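Have a look at the structure below, then the notes.
Number of protein chains: 2
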Amino acid sequence: MSPRRRPTLRDIALSLDLSVNTVSRALADKDAVSPETRERVKGEAERLGYVPNTMARSLVLRNAMTLGLVITNPSNPFFARLISAIEERGRERGYSLMLVVTEDSAENERRAAEELMRWGVDGVLAIPVQHGAEHWRRLRKSGTPVVLLNRHLPELDADVVGVDYYAGARAATEHVLDSGARELYLVEEDLDISPVSERIRGFQETLAARGIGAPDGAVVRVDAPEGVPVSAPFDPGAAYAIGADLARRAGRGAVVLAGNDYHALGLYRAFTERGLRVGVDIGVVGHGDHPFSAYLDPALTTVRLPAPDVGRAGVDRLLERVRSGAVDTEPIHTLLAPELVVRASAGPLRRGER
Amino acid sequence: MSPRRRPTLRDIALSLDLSVNTVSRALADKDAVSPETRERVKGEAERLGYVPNTMARSLVLRNAMTLGLVITNPSNPFFARLISAIEERGRERGYSLMLVVTEDSAENERRAAEELMRWGVDGVLAIPVQHGAEHWRRLRKSGTPVVLLNRHLPELDADVVGVDYYAGARAATEHVLDSGARELYLVEEDLDISPVSERIRGFQETLAARGIGAPDGAVVRVDAPEGVPVSAPFDPGAAYAIGADLARRAGRGAVVLAGNDYHALGLYRAFTERGLRVGVDIGVVGHGDHPFSAYLDPALTTVRLPAPDVGRAGVDRLLERVRSGAVDTEPIHTLLAPELVVRASAGPLRRGER
DNA sequence: TGTGTCGCAGATCACGTTAACGTTCATGTC
DNA sequence: GACATGAACGTTAACGTGATCTGCGACACA
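As structure tokens, this is what we get:
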């Protein structure tokens with residue numbers, strides 16, 4: 001069977017001896033069409049297997065009914081859930097989703113913005129890389145609203161929908177302090193992004209507020225995976241690597257907070273291999289509540305992130321911008337509250353005698 | 355600043371007193387344009403911030419330069435990596451990606467096919483749900499090639515690019531038998547899809563080939579998450595739930611093969627809670643080599659899936675169909691080889707006295 | 001000088017759709 | 001019978017491109 005041309009309104013019109021316009025109106029259920037004609041048109045459309053051409057429609061209506069999603073890495077479980085939530089919410093609202101993956105490369109992101117601009121998407125949701133916002137500005141100047149997801153961008157005054165990582169870090173830190181621990185460490189990815197800096201701030205301010213001094217080098221940076229093959233998933237390896245050092249420095253009863261659960265997992269192994277029992281000799285708290293975390297041994301105390309809420313709120317905010325056409329009014333920041341999930345990995349610990 | 359209309363070819367033409375056509379040719383680097391004119395045009399385009407309109411171009415060129423990806427659940431780590439690889443490969447080839455998430459719902463999938471048809475995408479990659487292929491057939495009949503990913507669909511004669519799960523299950527089973535175990539179980543999701551049936555076949559045929567009888571109910575089905583909230587990630591819970599029963603039935607030295615690493619993780623906990631030491635008293639083998647698996651305690655012996663290769667091969671096959679226009683010729687099945695990763699969870703086990 | 005050729009540009013049309021505006025014709029009203 | 005009304009449809013233009021054809025001047029060559 002030859003892949004023949006798709007039938008168009010014109011084909012229906014020709015076959016019924018009507019004008020293209022009448023056919024269009026009939027199918028769109030607009031008035032100025034008699035019931036009989038409407039039926040005939042719909043029947044013929046069905047018979048011919050007519051499918052409307054969205055691009056042609058978008059061209060004349062000047063709206064693409066499409067949202068762009070620029071994401072760094074779908075293998076981050078939080079981002080994966082974000083994708084699902086965004087796609088679903090958009091679909092409910094009648095929007096298709098164009099996805100671009102940047103792998104945290106500024107150059108890729110620049111090209112992504114350019115491409116979405118060419119498509120004339122109605123709006124863009126982006127988990128931005130840290131540097132460069134000129135492309136986002138250009139996008140907005142052309143009338144396309146941009147909503148930042150999960151990460152704040154100092155150089156760009158745009159709406160942000162994300163998680164209150166500061167609160168998450170505070171809650172985790174306070175919980176650990178309340179359990180009696182006094183020697184705390186924070187392991188974070190070496191990325192200059194707001195979630196990391198906010199968690200660090202939450203950690204440090206909580207300690208300061210309690211008048212507790214952090215040990216030297218309490219905040220440990222883990223190399224961000226660099227030059228990794230594309231689509232490489234998150235990896236506990238980097239945190240594992242620094243776990244050895246941490247195991248040496250930390251006294252009994254110390255607790256290590258990790259910027260994400262994968263890091264926590266790397267620490268588990270590093271500590272276990274050195275004979276430290278997680279949750280007994282040394283505490284670990286994660287961040288993210290990844291699907292595996294509840295099933296680790298010991299079950300990981302961590303901070304649950306409201307991924308579906310962030311996704312939905314992001315879409316809603318974006319569509320509100322699309323609707324109002326107000327691209328450049330005062331940006332709104334929406335930070336959704338995470339929730340501390342207390343399990344077993346943070347204690348009760350044996351207090352330090354060493 | 356008002357979100358003013360995007361400049362078009364016409365604006366450049368007007369401003370330079372040229373025809374739209376000449377401007378188009380100049381920007382497209384075609385001949386029949388003098389070098390000076392070309393420079394003037396490009397300069398003006400730059401100055402006005404001109405961005406070509408992909409939809410208009412696609413309309414006249416009758417190709418969308420877009421691929422559709424229909425996926426069940428991005429939270430499956432294997433699928434997440436697939437998304438990355440597909441997006442990247444497509445982008446390298448100049449194609450954008452339209453993503454639709456089905457959450458394994460046949461109705462969603464039907465609508466996804468319809469929507470992609472309306473967009474007139476050049477080709478579709480799909481991880482199909484088990485039932486109903488009429489919408490894929492319609493898509494192909496309209497000239498849009500469809501390549502199935504990871505799952506085979508008996509009712510549809512389409513290209514398939516996936517993983518040789520049969521071989522994966524064979525390799526895992528043989529490894530376990532070679533280690534001396536004789537009591538084997540297989541835990542699989544209760545989904546009627548080819549990866550599951552192929553793994554079951556590989557498991558059973560390997561046992562049969564070695565003349566080893568499988569215990570009653572050796573193949574255990576785990577409830578597929580149903581009615582779960584959208585964007586729910588994979589969950590070890592279901593496997594954990596049946597782990598209790600398995601722990602009772604299985605003798606010392608038995609080994610449980612799991613259909614994916616999340617199931618393996620659920621089993622870890624179920625066994626551990628009952629005092630069984632994984633890798634010592636009872637073996638566990640996973641499938642998927644999820645990023646957390648190497649760091650479990652004990653490290654999970656599992657089957658590594660070549661996600662990036664599947665993604666790239668899928669795009670390549672699809673684009674070959676697009677190029678040749680041969681939508682209905684003999685379908686090609688490409689099964690990529692997985693790789694057994696031997697770690698600690700499958701033994702050496704204590705042999706069964708019980 | 002005529003003729004062919006080449007470089008460069010404009011004119012025209014097409015892609016498939018929707019919107020604004022016209023036209024036709026039956027019906028109703030006074 | 002003159003005129004307004006309104007339903008049902010057609011005509012035309014437009015969205016922003018790209019392809020094809022045509023036109024025109026300059027130049028080389030016989």
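From first to last, the protein sequence lines are chains A and B.
Going by my numbering, the first sequence opens with residue 1, and the numbers climb by one from there.
Going by my numbering, the second sequence opens with residue 355, and the numbers climb by one from there.
Glycine included, each C-beta is placed from N, C-alpha and C at the ideal position.
Note that the structure is a prediction, hence the values are computed from the model and not measured.
- Between E39 of chain A and A45 of chain A, the alpha-carbon positions lie close to 10 Å from each other.
- The CB of D599 of chain B never comes closer than 8 Å to any CB in chain A; the least such distance is about 18 Å.
- A Cβ of chain B is located within less than 8 Å of the beta carbon of P52 of chain A.
- Collapsing the DSSP output to three states places S75 of chain A in coil.
- Judged by DSSP secondary structure, R221 of chain A falls within the beta strand (DSSP E) whose first and last residues are V219 to V222.
- Closest in C-alpha terms to R210 of chain A, from the list A:V176, A:R221 and A:G49, comes A:V176.
- Listed along chain B are P645, each with a C-beta nearer than 8 Å to that of F234 of chain A.
- For L619 of chain B, the residues of chain A that pass the 7 Å Cβ criterion are F292 and Y295, in the order they occur in the chain.
- R671 of chain B and R602 of chain B have their C-alpha atoms some 47 Å from each other.
- Within the same chain, and ignoring the five residues on either side of T173 of chain A in sequence, the residues whose Cβ sits closer than 8 Å to its Cβ are L184, G202, F203, T206, L207 and L257.
- As summarised for the stretch 143 to 205 of chain A, the continuous alpha helix (DSSP H) elements at least 4 residues long and confined to that stretch are 165 to 178, given in chain order.
- With its beta carbon at least 8 Å from every one in chain A, R392 of chain B lies outside the interface.
- Taking H131 of chain A as reference, the option from A:L336, A:L156, A:P77 and A:P331 with the minimal CA-CA separation is A:L156.
- The distance from the Cβ of V541 of chain B to that of G637 of chain B is about 13 Å, inconsistent with a contact at the 8 Å cut-off.
- For I83 of chain A, at least one C-beta of chain B is nearer than 8 Å to its own C-beta.
- A460 of chain B and R277 of chain A have their C-alpha atoms spaced approximately 47 Å apart.
- Neighbours of T272 of chain A in chain B, taken as residues whose beta carbon is under 7 Å from its own, are D651 in chain order.
- The beta carbon of R110 of chain A lies closer than 6 Å to those of H135 in the same chain, with the five residues before and after it left out.
- When C-beta atoms of the stretch 290 to 298 of chain A are compared with those of the stretch 334 to 345 of chain A, three or more pairs fall below 8 Å, so the two segments count as touching.
- From the listed residues A:A56, A:R269 and A:H263, the smallest Cα separation to D190 of chain A is found for A:H263.
- Taking the CA atoms as reference points, S34 of chain A sits about 8 Å from A26 of chain A.
- Residues of chain A with a Cβ closer than 8 Å to the Cβ of E441 of chain B are, in chain order, L99, V100 and V101.
- Contact check between the stretch 662 to 680 of chain B and the stretch 639 to 650 of chain B: fewer than three CB pairs, one atom from each, fall below 8 Å, which does not count as touching.
- For the stretch 153 to 178 of chain A, the beta-carbon criterion of a distance under 8 Å to any beta-carbon of chain B is satisfied by none of its residues.
- Between S142 of chain A and R401 of chain B the beta-carbon gap is near 15 Å, outside 8 Å, which marks them as no contact.
- Contact annotation, V303 of chain A with A112 of chain A: C-beta distance approximately 29 Å; criterion of less than 8 Å not satisfied.
- Judged by DSSP secondary structure, A258 of chain A falls outside any alpha helix (DSSP H) and instead within the beta strand (DSSP E) spanning V255 to A258.
- One thing to note: A64 of chain A has its Cβ no nearer than 8 Å to the Cβ of V124 of chain A.
- Secondary-structure assignment with DSSP links V41 of chain A through no beta bridge to anything.
- Shown here for I193 of chain A: same chain residues with a beta carbon closer than 7 Å to its own, the five before and five after excluded, namely Q130 and R151 in chain order.
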